[in-house]
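> Mind looking over this structure? Questions follow.
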Amino acid sequence: MWDWRFLFLILFSTVVDYTMGILIEKNDSKNKKKLFLWISILVNLGFLGYFKYSNFFLENFVQAFSFLGQDLKFRGLEIVLPVGISFYTFQTLSYTIDVYRKKLSPTKDFIAFSAFVSFFPQLVAGPIERATHLLPQFYRKRKFDYKLAVNGMRQILWGLFKKVVIADNCAQFANQIFNNYEDYSGSTLILGAVFFTFQIYGDFSGYSDIAIGISRLFGFDLMRNFAYPYFSRDIAEFWRRWHISLSTWFRDYLYIPLGGSRGGMWMKIRNTFIIFLVSGFWHGANWTFIVWGALNALYFLPLLLSGKNRNHLEVVAYDKSLPSFKEILQIGVTFGLTVFAWIFFRAENLGHAFGYINGIFSDSIIGVPEIRPSYLIALLVVALVVEWIGRRNQFAIESLRIYSKFRFHYLFYLFLCYLIFIFGGQEQEFIYFQF
Amino acid sequence: MKKFVLKIVIYLLTLLMFTLGINFTLNSYTRSKSQFDLKKQPKSIVVGHSHPECAFNDSLIQEFKNFSSSGESYFYTYPKLKNIILNNDSIQNIFIEFTNNQISETMDEWIFGEKYMNYRYPKSDAFLEKEQQRILRNNSPAAYLNALSQSKKKQLLRVFKNDFDLTDELGGYLYLKRFNTDSILKYSTDKINMQENTIDSFPVSKLSLYYLRKMIDFCKKQQKKVYLIRSPQHFKCSAMKNEKVFQNILKKEFSDVEFLDFVNFPLKNSEYGDLGHLNYLGAEKFSVWIDFLLKKGLLEKTDKQNFINNYIK
Chain A
1 MWDWRFLFLI LFSTVVDYTM GILIEKNDSK NKKKLFLWIS ILVNLGFLGY
51 FKYSNFFLEN FVQAFSFLGQ DLKFRGLEIV LPVGISFYTF QTLSYTIDVY
101 RKKLSPTKDF IAFSAFVSFF PQLVAGPIER ATHLLPQFYR KRKFDYKLAV
151 NGMRQILWGL FKKVVIADNC AQFANQIFNN YEDYSGSTLI LGAVFFTFQI
201 YGDFSGYSDI AIGISRLFGF DLMRNFAYPY FSRDIAEFWR RWHISLSTWF
251 RDYLYIPLGG SRGGMWMKIR NTFIIFLVSG FWHGANWTFI VWGALNALYF
301 LPLLLSGKNR NHLEVVAYDK SLPSFKEILQ IGVTFGLTVF AWIFFRAENL
351 GHAFGYINGI FSDSIIGVPE IRPSYLIALL VVALVVEWIG RRNQFAIESL
401 RIYSKFRFHY LFYLFLCYLI FIFGGQEQEF IYFQF
Chain B
1001 MKKFVLKIVI YLLTLLMFTL GINFTLNSYT RSKSQFDLKK QPKSIVVGHS
1051 HPECAFNDSL IQEFKNFSSS GESYFYTYPK LKNIILNNDS IQNIFIEFTN
1101 NQISETMDEW IFGEKYMNYR YPKSDAFLEK EQQRILRNNS PAAYLNALSQ
1151 SKKKQLLRVF KNDFDLTDEL GGYLYLKRFN TDSILKYSTD KINMQENTID
1201 SFPVSKLSLY YLRKMIDFCK KQQKKVYLIR SPQHFKCSAM KNEKVFQNIL
1251 KKEFSDVEFL DFVNFPLKNS EYGDLGHLNY LGAEKFSVWI DFLLKKGLLE
1301 KTDKQNFINN YIK
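Heads up: the protein sequence lines correspond to chains A and B, in order.
Be aware that the first sequence starts at 1, since it is given in the working numbering, and climbs by one per residue.
Be aware that the second sequence starts at 1001, since it is given in the working numbering, and climbs by one per residue.
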């Protein structure tokens, strides 16, 4: 939620991290450096913890006491979650940690640092940038770069298509099915979970594309956040391609400090679980996100134990136009596992998630779904085909021109714009009685 | 930078042309394919807003169809009525609801207010006259753009599904399960004593009355019998406070059309959903009575109102 008073929150975080960065560099004592780093970590995570997780912890604390026979009365705190707090907290933390690790010299330019923390295209939902990558871009003078701007416009267009046409339409049906799951057959529930799978991808990767595209118009280069995750052949590949800025953040600032894959097998397993559970918890203060994280850790584990977690580093069928039968099967299985895990991500609570899964594995799992929005399925097929064709690029329509000798790509852009126009309007529900 | 801006401008202009081209094609295609043929061919129909929507239970009236719809102004009823009449030769008598709140200036909100336009426009876009499009565009450009986008989505989906049967979007009887009249009379201030509170001047929606006139003229041109009617409403309904202005407009502007007034049809409070609308009990009683009047030859009588009043007594 947005409220002007939250500006002070982001300003306070900015001032603290800017100051701590300078203090860390100035002081030679290792203990003092550590102290300043911990101040930065505690302030940032303190805010995040208070605004995002207070109610969750209080509620679970009360429930734990009730379980032990102590009936405590609990009224949730009325806390509003400031917009973008999960993202800019991690972004500023990366700065102080990198300064502490001597990967980066602290900036003396407060304006540049503030701009780095609050850079508008990616403030609300990422990509979570590293100070080492983004901050220096504020120091140099930027010139208008025609190619970069054109590329940015293309990426904005594709992002808008994914958000407005794919995600918002999938959301309509996913919400309908998830909110009334008891009324639908198993096959419809599967379709609902698939719609949510595309909704979250369209929504999040679409937003990232728009953010990256806008930044390009201003001459900034932001890191890639999604790389066709649904074409992954195993879960490890999926996590290298999904929300890359967060996955790599956790890798660099949590997994490696914990010991990473060094040490024994148990250490590897422990660290993997920690990473996935924390990642789940980062997404929201609910047990459903934690289960979602745990489930992904379980998916990941066999690959880790067998040393196959870095098998697929290139995008699928890199030198070919179509995947092999084996690759299709691998993609299908990975997609299926992901869809299953998303059920927990989307559910209101664990009861809802288990009820939904129960509904799927009922007698009605085989059969024609009650809801069949053929137009949406057609749009999804179009989106998937375009993403498949463009899978070697940073984003799907980056070099569409290569495939079109007769400049048909302009017509394709017009078609995309038109779809965005007609799917972009706010629908009005039936005006039930004007009296 | 110049090249970039120039290209963007050219692209936007092309996009505009492209959009206008597709919109035009979709409208023409929708118009040419749309079906308004009714399965049961009625002899009489009623159009209007929520009052007739709740009052005329057409399953109880022979050869009669209710096409009223909540919150529908004459502006949107006009293209709908045209399509119904042009596609159904059996229709001989058209009853148009004409009641106190339909002359009110608030009807303008029902025409180009955002939520009304968003709901009504996608249903009638292809059938609106140029003048109507201009009125909507000029009065509420942002809402118009949003409604236009909704309309094109709707049309495109119809093309995709090859479904052009629009008869299910025309309106119909609304079975109202509501018994709020007593509580409104007890607690609400939204009621009047007609004898004490009628007012002499009242802001009027000229646009609404203009489209009512267009409907009447169209019906006459098609050689159909057209009547203005007023459905029953509670005598304490606040909308009735403009009764003097209402009667004045009726005399001055619509004297060429017969007015059938059912406002005094005797109903108990329990037969009203609220002060302006009949619930299903009231609708049943009223519709059976209308059926009776029609069978008794109401429309052949010279003094129809007198005939009605006699039966009301």
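The beta carbon of each residue, even a glycine, is placed where N, CA and C say it ideally should be.
I want to verify the contact list: residues of chain B whose CB lies under 7 Å from the CB of residue 424 of chain A, in sequence order.
Neighbours of residue 424 of chain A on chain B, chain order: 1149.
> Just to confirm, are residue 99 of chain A and residue 14 of chain A a CB contact at a threshold of 8 Å?
No.
> Note down, in chain order, each residue of its chain lying with its Cβ closer than 8 Å to the Cβ of residue 1265 of chain B, except the 5 sequence neighbours on either side.
1232, 1286, 1289 and 1312
> Measuring alpha carbon to alpha carbon, tell me which of B:1168, B:1242, B:1235 and B:1165 ends up nearest residue 1202 of chain B.
Nearest C-alpha to residue 1202 of chain B: B:1242.
> Going along the chain, which residues of its own chain have a beta-carbon closer than 8 Å to the beta-carbon of residue 4 of chain A, five neighbours each way excluded?
none
> Put residue 1050 of chain B into one of helix, strand or coil per three-state DSSP.
helix
> What residue range does the beta strand (DSSP E) around residue 1261 of chain B cover?
Run containing residue 1261 of chain B: 1258-1261, per the beta strand (DSSP E) assignment.
> Using a Cβ cut-off of 9 Å, which residues of the region 1015-1046 of chain B contact any Cβ in chain A, in chain order?
Along the region 1015-1046 of chain B, the positions whose C-beta sits under 9 Å from a C-beta of chain A are 1015, 1018, 1019 and 1022, read in chain order.
> Which residue marks the beginning of the alpha helix (DSSP H) containing residue 228 of chain A, and which one marks its end?
Residue 228 of chain A -> no alpha helix (DSSP H), and no H or E assigned at all.
> Could you compute how far the alpha carbon of residue 1280 of chain B sits from the alpha carbon of residue 1220 of chain B?
33 Å
> Using a Cβ-Cβ cut-off of 8 Å, state whether residue 149 of chain A counts as contacting chain B.
Cβ-Cβ to chain B under 8 Å: yes for residue 149 of chain A.
> Please compile the residues from chain A whose C-beta is within a distance smaller than 8 Å of the C-beta of residue 1157 of chain B.
375
> Taking 7 Å as the cut-off, is the CB of residue 418 of chain A close to at least one heavy atom of the ligand NAP?
Of the ligands one can find in the structure shown there are none, so the ligand NAP has no counterpart to examine.
> Using a Cβ-Cβ cut-off of 8 Å, state whether residue 414 of chain A counts as contacting chain B.
yes
> Helix or strand or just coil, what does DSSP make of residue 417 of chain A?
helix
> Checking 8 Å against the spacing of the C-beta atoms, do residue 153 of chain A and residue 96 of chain A come in under that value?
No; because the gap between Cβ atoms is not below 8 Å, this pair is not in contact.
> Express the C-alpha separation of residue 337 of chain A and residue 299 of chain A in angstroms, rounding to a whole number.
Taking the straight line from one Cα to the other gives about 8 Å.
> Taking only three categories from DSSP, how would you classify residue 1004 of chain B?
Taken through DSSP and simplified to helix, strand or coil, residue 1004 of chain B comes out as helix.
> Whose Cβ in chain B lies nearer than 7 Å to the Cβ of residue 417 of chain A?
1015
> Among all the DSSP beta bridges, which residues are the ones paired with residue 1165 of chain B?
B:1035
> Is residue 1097 of chain B helix, strand or coil when you go by DSSP?
strand
> Counting contacts by CB-CB distance shorter than 8 Å, is residue 15 of chain A in contact with chain B?
Chain B contact via Cβ: absent.
> Do you know how far the Cα of residue 1041 of chain B is from the Cα of residue 1258 of chain B?
Just so you know, the alpha carbons of residue 1258 of chain B and residue 1041 of chain B end up roughly 24 Å apart.
> Name, in chain order, the residues that DSSP records as bridge partners for residue 1204 of chain B.
BP columns for residue 1204 of chain B point to B:1104.
> Starting from residue 1152 of chain B, find everything on chain A with Cβ-Cβ shorter than 7 Å and list it in chain order.
Neighbours of residue 1152 of chain B in chain A, taken as residues at a C-beta separation under 7 Å, are given in chain order as 422.
> Quick one: what does DSSP say residue 62 of chain A is sitting in, helix, strand or coil?
helix
> Taking only beta-carbon atoms, is residue 144 of chain A less than 8 Å away from chain B?
yes
> Please tell me whether residue 233 of chain A and residue 316 of chain A are closer than 8 Å, where the distance is taken between their beta carbons.
yes
> With burial defined as no fewer than 16 other Cβ atoms inside 10 Å of the residue's Cβ, what is the status of residue 1215 of chain B: buried or exposed?
So residue 1215 of chain B ends up on the buried side.
> Quick one: what does DSSP say residue 1309 of chain B is sitting in, helix, strand or coil?
helix
> Report yes or no: is there a C-beta of chain A within less than 8 Å of the C-beta of residue 1215 of chain B?
no
> Would residue 1004 of chain B pass as an interface residue toward chain A - the criterion being a Cβ-Cβ separation below 8 Å?
yes
> Report yes or no: is there a C-beta of chain A within less than 8 Å of the C-beta of residue 1001 of chain B?
yes
> Between B:1095, B:1093 and B:1148, which has its C-alpha nearest residue 1115 of chain B's C-alpha?
B:1148
> Using a C-beta to C-beta distance shorter than 8 Å, which residues of chain A count as neighbours of residue 1160 of chain B?
374, 375 and 378
> Let's see if you can read the secondary structure: which residues bound the alpha helix (DSSP H) around residue 173 of chain A?
First-last of the alpha helix (DSSP H) with residue 173 of chain A: 168-179.
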